[in-house]
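Chains as they are written, first to last, in this note's numbering: chain A, 1 to 246; chain B, 1001 to 1246.
Note that beta-carbon positions come from the ideal geometry of N, C-alpha and C, so glycine has one too.
Here the structure is a predicted model, which means the values were calculated and not measured.
The block underneath contains the structure these notes are about, expressed in structure tokens.
2 protein chains.
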Amino acid sequence: MRPDTDPQIRHLHLFRDMAQAHFADLMTASYVQAFPPGLEMIRQGDPADFLHIVLEGSVELVGQWAGRECTMAVVRPVSTFILAACIRDAPYLMTARTLERTRIVLVPASDLRAMFRRDAEFAVAVINELAACYRSVVRNAKSMKLRNSRERVASYLLRQSMLAGGVPTYTLAVEKRLLASYLGMTPENLSRTLKSLEADGVKIDGARVIITDRTRLTALVQPDKLIDGPDPVADSTGSGLPLTYG
Amino acid sequence: MRPDTDPQIRHLHLFRDMAQAHFADLMTASYVQAFPPGLEMIRQGDPADFLHIVLEGSVELVGQWAGRECTMAVVRPVSTFILAACIRDAPYLMTARTLERTRIVLVPASDLRAMFRRDAEFAVAVINELAACYRSVVRNAKSMKLRNSRERVASYLLRQSMLAGGVPTYTLAVEKRLLASYLGMTPENLSRTLKSLEADGVKIDGARVIITDRTRLTALVQPDKLIDGPDPVADSTGSGLPLTYG
DNA sequence: CGAGCGGTTGAGGCATGTCAAGAGTTGTGG
DNA sequence: CCACAACTCTTGACATGCCTCAACCGCTCG
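Right, here's the structure in full:
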């Protein structure tokens, strides 16, 4: 592994507390790889051989069944994904596809599994990471089951504004098509919903989001810590859709 | 803690591999409590003070928002719940309510958190448990987003048959009202859907499920390991709805 | 017995998906 | 540099899945 990539990875909560020698061991067993945009780097069902760490670019995690598919998450630098599959030495549950040119660190799953038996601090970090990831998916599931599509869109828009520091205007980080899939609806429906939300305090101009009446929007969304976070997920970078997916 | 309850707990994957002395420490700090049916033992948002272990009875985990609620899981003996909240020392994401008279072991969260720093085997067990729980929720989320309500009902019915050993007939373990909520639909709709499924190989007579044409039902469901399990969740007892919820 | 509750059934309405067409944008190759 | 293809996004018309409301049955339990 090229040592210049180490520092960013070392700062992740997952690796922050482990012994330097152990971290080095993991890194020498790993390697960096670059993928072109739109490439399917993992197919769901494949055996989980590597923990993936996104250094640059972005990766979409999608679930597939019976010819249908839906976006489960978007992973952005610097964070990890499919930790749980590696730990259980089980098949990936989601397909991973690059959204743009992406650089990834691949850490062999077997080394990973051996490491948390050697390094107690690392084991604790893995525990915390997994617990955070678990809670993140539960919140997601709650959102899907308790809110209708309009409420999900509104809460997404408001949350992104908060993540950006409470700004009144920002630009969407993902294509609307993808966002629709993530929110569990069709692109056509998202388009219509976005327009209808102008009556509730958000205006959309292309990829630009302008919050025109925060009070009104907040009233509609009824933000809830037990759905919309926090639980500052381990290596959150404040970007993207959810935060980290194990 | 009464020592007669120890063996069942000790057999859980979560506690199986830890040192006996450490297990004893955890148990002496814990205590058993019995709850009447329909009691709300945990309210979502409360601080997570105790890991819960169901010894007898059953517990419903529900998510709530804006006056609505939905069943996220049903926990049956012997298994644990809300492990993740305890580990992160964060508020419970779900409300827990007994479905019948239920005996619960309460393990102080602080002891738990201290213990996986002392006992490496326990730490590994927690890692495995959390990873399994995580994957379980992801599968659940995939099911909700990729299948329509009819497909979810059919897959549930078929899966329960498989869990019971591939039997052609069995009785539902939960009320239909609750099942509807778990599957993300209204009771009325579940009722209609169940009737309509007679054309696809399952007949329902009260709480009795009779699979009349397994081939046909299987064709409809298109069972998928990446949605319907396995990943033999840690302390699965082969009963109830999902299996274990962290 | 009567109240309460779970389950079923029907009628009607809203939300969401489907299909189709067109505008705008991006990327590519001649 | 332009032409073209491919793609996203939007909009409209239409179909349908799912929910709501209401009534009724049967069961359980005080």
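Asked, Found
"Mind checking the segment 1060-1082 of chain B against chain A and listing, in chain order, the residues whose C-beta falls within less than 8 Å of any C-beta there?", "G1063, Q1064, W1065, A1066, R1068, E1069, C1070, M1072"
"Under 7 Å between beta-carbons, which chain A residues line up against A1084 of chain B? List them in chain order, please.", "A131, Y134, R135"
"Specify whether the segment 53-67 of chain A and the segment 88-95 of chain A touch according to this definition: at least 3 beta carbon pairs, one from each stretch, less than 8 Å apart.", "yes"
"Measure the CB-CB distance between L1012 of chain B and T1080 of chain B and report whether it falls below 8 Å.", "yes"
"Mark Q20 of chain A as exposed unless 16 or more other C-beta atoms lie within 10 angstroms of its C-beta, in which case mark it buried.", "exposed"
"Is the beta carbon of L39 of chain A less than 8 Å from the beta carbon of Q8 of chain A?", "no"
"How about L1146 of chain B: is its C-beta nearer than 8 Å to some C-beta of chain A?", "yes"
"Do we get a CB-CB distance below 8 Å when we pair F1116 of chain B with the residues of chain A?", "yes"
"Between P242 of chain A and the rest of its own chain, which residues show a CB-CB distance below 7 Å, the 5 nearest in sequence each way excluded?", "Caution is warranted here: a pLDDT of 48 is assigned to P242 of chain A, below 50, making its placement in the model unreliable, and the coordinate value is therefore given only provisionally. A73, S136, N140, listed in sequence order."
"Rounded to whole angstroms, what's the CA-CA distance from A1085 of chain B to F23 of chain A? Just pull it up for me.", "28 Å"
"Tell me, to the nearest whole angstrom, how far the beta carbon of F50 of chain A is from that of P91 of chain A; I am working on the premise that it is less than 8 Å.", "That pair is no contact at about 13 Å."
"With a cut-off of 8 Å, does the C-beta of G184 of chain A fall near any C-beta of chain B?", "yes"
"State the start and end residues of the unbroken alpha helix (DSSP H) segment that holds Y1156 of chain B.", "1149-1163"
"For A34 of chain A, list the residues DSSP reports as bridge partners.", "A:R103"
"Hey, out of B:L1157, B:L1183, B:K1225, whose CA is closest to D1213 of chain B's CA?", "B:L1157"
"Quick one: residues in its chain with C-beta nearer than 7 Å to the C-beta of D1004 of chain B, no 5 flanking neighbours on either side, listed in chain order?", "none"
"Can you pull the chain B residues whose beta carbon is under 7 Å from the beta carbon of A29 of chain A, in chain order?", "What A29 of chain A touches in chain B: nothing, since even the nearest Cβ is about 19 Å away."
"On the CB-based measure, 16 or more other CB atoms within 10 Å of its CB, does P77 of chain A come out buried or exposed?", "buried"
"For N217 of chain A, tell me which candidate among A:R43, A:P230, A:R150 has the shortest Cα-Cα distance.", "Position check: residue 217 of chain A holds Leu in this sequence, whereas Asn was assumed. Of the candidates A:R43, A:P230, A:R150, the one whose C-alpha sits nearest the C-alpha of L217 of chain A is A:R150."
"For K142 of chain A and chain B, any beta-carbon pair shorter than 8 Å?", "yes"
"With A73 of chain A as the anchor, note down where its alpha helix (DSSP H) starts and where it stops.", "Run containing A73 of chain A: none in the alpha helix (DSSP H); it sits in the beta strand (DSSP E), 68-75."
"Is the beta carbon of A123 of chain A sitting closer than 8 Å to the one on A1219 of chain B?", "no"
"Beta strand (DSSP E) containing A96 of chain A: first to last residue?", "95-98"
"Thinking C-alpha only, which one of A:Q160, A:R43, A:L112, A:I42 is nearest D228 of chain A?", "A:Q160"
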